[in-house]
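Below: the structure, in structure tokens.
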Amino acid sequence: MPIRQLSETMINQIAAGEVIERPASVVKELVENALDAGASRVEIVTAGGGLNLIRVTDDGSGIPEQELALAIARHCTSKLADNIHDIRSLGFRGEALPSIGSVARLSIRSRTAAGDGAAEIGIEGGRVSAVKPAAANRGTTVEVRDLFFATPARLKFMKGERAESSATSDVVKRIAIAFPAVRFTLAGSDRSTLELPATDDTSEGRLARVAQVMGADFPDNAVPIDAVRDGVHLAGHVSIPSFSRANALQQYAYVNGRPVRDKLIAGAIRGAFADVLPRDRHAVTVLFLTLDPAIVDVNVHPAKADVRFRDPGLVRGLIVGAIREALANAGIRAATTGAAGMMAAFRPGAASYAHPGPANGHRSYEAASRASGFTGFDRSPQRPLDMGFDGAGNGGFRENDQAAFDAGLHSADARAGQDEATQTLLGTALGAARAQVHENYIVAQTRDSLVIVDQHAAHERLVYEALKNALHSRAVPSQMLLLPEIVDLPEEDAERLAMHSETLSRFGLGIERFGPGAVAVRETPSMLGETNVQQLVRDLADEIADNDTVETLKGRLDRIAATMACHGSVRSGRLLKPDEMNALLRQMEATPGSGTCNHGRPTY
Numbered sequence: 001m002p003i004r005q006l007s008e009t010m011i012n013q014i015a016a017g018e019v020i021e022r023p024a025s026v027v028k029e030l031v032e033n034a035l036d037a038g039a040s041r042v043e044i045v046t047a048g049g050g051l052n053l054i055r056v057t058d059d060g061s062g063i064p065e066q067e068l069a070l071a072i073a074r075h076c077t078s079k080l081a082d083n084i085h086d087i088r089s090l091g092f093r094g095e096a097l098p099s100i101g102s103v104a105r106l107s108i109r110s111r112t113a114a115g116d117g118a119a120e121i122g123i124e125g126g127r128v129s130a131v132k133p134a135a136a137n138r139g140t141t142v143e144v145r146d147l148f149f150a151t152p153a154r155l156k157f158m159k160g161e162r163a164e165s166s167a168t169s170d171v172v173k174r175i176a177i178a179f180p181a182v183r184f185t186l187a188g189s190d191r192s193t194l195e196l197p198a199t200d201d202t203s204e205g206r207l208a209r210v211a212q213v214m215g216a217d218f219p220d221n222a223v224p225i226d227a228v229r230d231g232v233h234l235a236g237h238v239s240i241p242s243f244s245r246a247n248a249l250q251q252y253a254y255v256n257g258r259p260v261r262d263k264l265i266a267g268a269i270r271g272a273f274a275d276v277l278p279r280d281r282h283a284v285t286v287l288f289l290t291l292d293p294a295i296v297d298v299n300v301h302p303a304k305a306d307v308r309f310r311d312p313g314l315v316r317g318l319i320v321g322a323i324r325e326a327l328a329n330a331g332i333r334a335a336t337t338g339a340a341g342m343m344a345a346f347r348p349g350a351a352s353y354a355h356p357g358p359a360n361g362h363r364s365y366e367a368a369s370r371a372s373g374f375t376g377f378d379r380s381p382q383r384p385l386d387m388g389f390d391g392a393g394n395g396g397f398r399e400n401d402q403a404a405f406d407a408g409l410h411s412a413d414a415r416a417g418q419d420e421a422t423q424t425l426l427g428t429a430l431g432a433a434r435a436q437v438h439e440n441y442i443v444a445q446t447r448d449s450l451v452i453v454d455q456h457a458a459h460e461r462l463v464y465e466a467l468k469n470a471l472h473s474r475a476v477p478s479q480m481l482l483l484p485e486i487v488d489l490p491e492e493d494a495e496r497l498a499m500h501s502e503t504l505s506r507f508g509l510g511i512e513r514f515g516p517g518a519v520a521v522r523e524t525p526s527m528l529g530e531t532n533v534q535q536l537v538r539d540l541a542d543e544i545a546d547n548d549t550v551e552t553l554k555g556r557l558d559r560i561a562a563t564m565a566c567h568g569s570v571r572s573g574r575l576l577k578p579d580e581m582n583a584l585l586r587q588m589e590a591t592p593g594s595g596t597c598n599h600g601r602p603t604y
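Take the sequence shown: its position 83, counted from the start at 1, is 83 in full-length UniProt numbering, and no numbers get skipped.
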């Protein structure tokens, strides 16, 4: 077949295969255009999951009538001058509108602030219609109908309406977090509406927008991040370890205001939480990286979701170090959701009582209570206090009874003659130990709360941190190999390992070059015992190539320390004296990360 130039429509359809993957991709491109135009309000309407209709309306600067034809031409943009390394807008490639128009029915209606009226242009399957007058307010309305009608094969790869609508909602939320001063509205054909009112660009406003997207629980269970290294600024919030999710969908990352899904950032977040979260749990994060556009490449993929950093090691180190420092400085904190769940379980009628029945398998708490003759806590002869219920069975103290109860407590305390030391303990974060339940849980009292501590999980974290500090405060003991292990590697991997040989020796791994394309391993960390040296070295070489770090070896040593801590800590079922319980509480207060054990379980 002879070489020939493809038609403009075919070129745009090929580009659409990279830029427009699904309806959510269309929404992303159109919303980014609206934000680049300076919009303060963006409204999105969809139907059929976005396959039937997508309409994006904004109040931005608008497109002049004479430029409408250029707006839908390939590689035409107002966002890029002559320097591809100085990209300060979300869009810059000039491919989105012609790509959408080549596979759908697209119309653009726009009016500038100085214009006497609006103008409209349409494109259907690559065929452009003439510009005509229209009626509209200032801003732009872009309407996309029958997405992929011109490429029916693509429709077979679309998911159901619910899945496509969910993907669109996720895109809008991700963009909205980066632009808190903009009001976003998303309405679908199922009459559901996502509305995100505008806040402001202050740190409080950004956190308020994050709460709109991620829920009110996140700000109460997050710590702020603010760090700078070599011109790279990292800001945002990360969840405390005891507030985690089963997947990484609630990890939001932004580079110069652009939402990205970057493997390096995701790996850095995993590394930062490696000591405090199990592998099947994920932190909730919102991180903003701000750096010179010249040292980050956002032009590595048409969808602009991937980026490349000139110095990936710097970015990874900044993220890991800043998160770990923030968690250490946060002190001892537990997730509010755990305490709220326990309080809800204590409320009468809130919990369900699983009782196997002869016919239906399970009965409700109320049904089981009636069957056993139990008539409620307020009428039970085993109730702890013969007062305080409000007569309606709600279990709450009346105001006068509560005051009398408090007065009785204070007088009882006075009679007990609590000394000054006990009063001091009550003012600490975890309070004074009062009892041990089932030889596993320590019950402590503060001035305004009750604390329940899992003694094994808590001591496991304390032992692990002590082992880790001892491990990394000095060189790791190593064992000499009787015969050096020769590992054949590509020349570039061998060179990278040689460059990191000094760092590796601190972790007990002694390596040196052994001719071209090979290294000789003479020492291995004694903690590892018998290990697969070949696999260890190759894993290290791969990690250095990806991230310019040697975290693989450090991670293996930390995992051994975690196992030692688990077996060497206070076991469940051990009876503790009051002094031992209080000492454990004081150690927890002084140890960073003691809110969870090294397997990720909450300690209290």
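Even for Gly, the Cβ is constructed at its ideal location relative to N, Cα and C. Given the structure is predicted, the values throughout are model-derived calculations rather than measurements.
Within its chain, find whatever has a CB closer than 8 Å to the CB of residue i; leave out the 5 residues flanking it on each side and keep chain order.
i           : result
residue 497 : 489, 504, 511, 519, 537, 540, 541, 544
residue 128 : 69, 72, 101, 121, 122
residue 506 : 475, 476
residue 399 : Caution is warranted here: a pLDDT of 45 is assigned to residue 399, below 50, making its placement in the model unreliable, and no coordinate value can be reported.
residue 11  : 74
residue 440 : 454, 455, 456, 572, 573
residue 160 : 49
residue 193 : 185, 186, 187
Here's a check: name, in chain order, each residue in its chain whose Cβ is nearer than 7 Å to the Cβ of residue i, leaving out the five neighbours to either side.
i           : result
residue 491 : 516, 517
residue 437 : 443
residue 235 : 225, 226, 288
residue 333 : 240, 595
residue 253 : 260, 262, 265, 287
residue 229 : 314, 318
Opposite residue i in the DSSP bridges: which residues?
i           : result
residue 590 : BP columns for residue 590 are empty, so no partner.
residue 441 : 437, 454
residue 120 : 109, 132
residue 259 : 254
residue 512 : 520
residue 236 : 225, 287
residue 479 : 524
residue 486 : 520
residue 446 : Paired residue(s): none; residue 446 is not in a bridge.
residue 602 : 596
Looking at C-alpha atoms only, which residue of the options is the closest neighbour of residue i?
i           : options            : result
residue 444 : 171, 588, 148, 32  : 588
residue 29  : 48, 175, 514, 581  : 175
residue 177 : 160, 258, 119      : 258
residue 274 : 232, 323, 305      : 323
residue 196 : 111, 281, 43       : 43
residue 198 : 4, 214, 192, 181   : 181
residue 312 : 3, 113, 297, 222   : 297
residue 601 : 62, 282, 424       : 282
residue 465 : 221, 41, 562       : 562
residue 300 : 35, 331, 7, 261    : 261
residue 462 : 447, 487, 599, 450 : 599
residue 486 : 268, 523, 216, 219 : 523
residue 446 : 11, 440, 458, 433  : 433
residue 220 : 230, 207, 118      : 207
residue 557 : 37, 126, 478, 216  : 478
residue 268 : 314, 232, 576, 11  : 314
residue 110 : 92, 484, 137       : 137
residue 248 : 255, 280, 19       : 280
residue 202 : 216, 191, 187, 179 : 179
residue 114 : 107, 158, 63, 578  : 63
residue 8   : 103, 576, 212, 344 : 103
residue 493 : 514, 576, 483      : 514
residue 525 : 509, 209, 534, 500 : 509
residue 218 : 237, 152, 593, 204 : 237
residue 329 : 3, 223, 166        : 223
residue 41  : 13, 141, 119       : 141
For residue i, I'd like the list of residues in its chain whose CB is within less than 6 Å of its CB, leaving aside the five on either flank, ordered along the chain.
i           : result
residue 50  : 23, 164, 168
residue 366 : Low per-residue confidence applies at residue 366: pLDDT is 47, beneath 50, and the placement is therefore not dependable enough to give any value.
residue 243 : 221, 335
Task: Start-end ranges of the alpha helix (DSSP H) lying completely within the region 158-212, minimum 4 residues - done: 161-178
Open item on the list: Quick check: the region 425-434 against the region 587-602, are at least 3 beta-carbon pairs closer than 8 Å?
Closed with: yes
- [ ] With a floor of 4 residues, list each alpha helix (DSSP H) that falls wholly inside the region 7-62, ordered by position along the chain.
- [x] 8-19, 23-36
TODO: Say whether the region 145-152 touches the region 164-175, bearing in mind that this needs 3 or more beta-carbon pairs closer than 8 Å, one atom from each stretch.
DONE: no
- [ ] Counting only runs of 4+ residues fully inside the region 287-342, write out the alpha helix (DSSP H) ranges in chain order.
- [x] 312-329
Task: the region 467-483 / the region 451-458 touching (three or more Cβ pairs under 8 Å) - done: no
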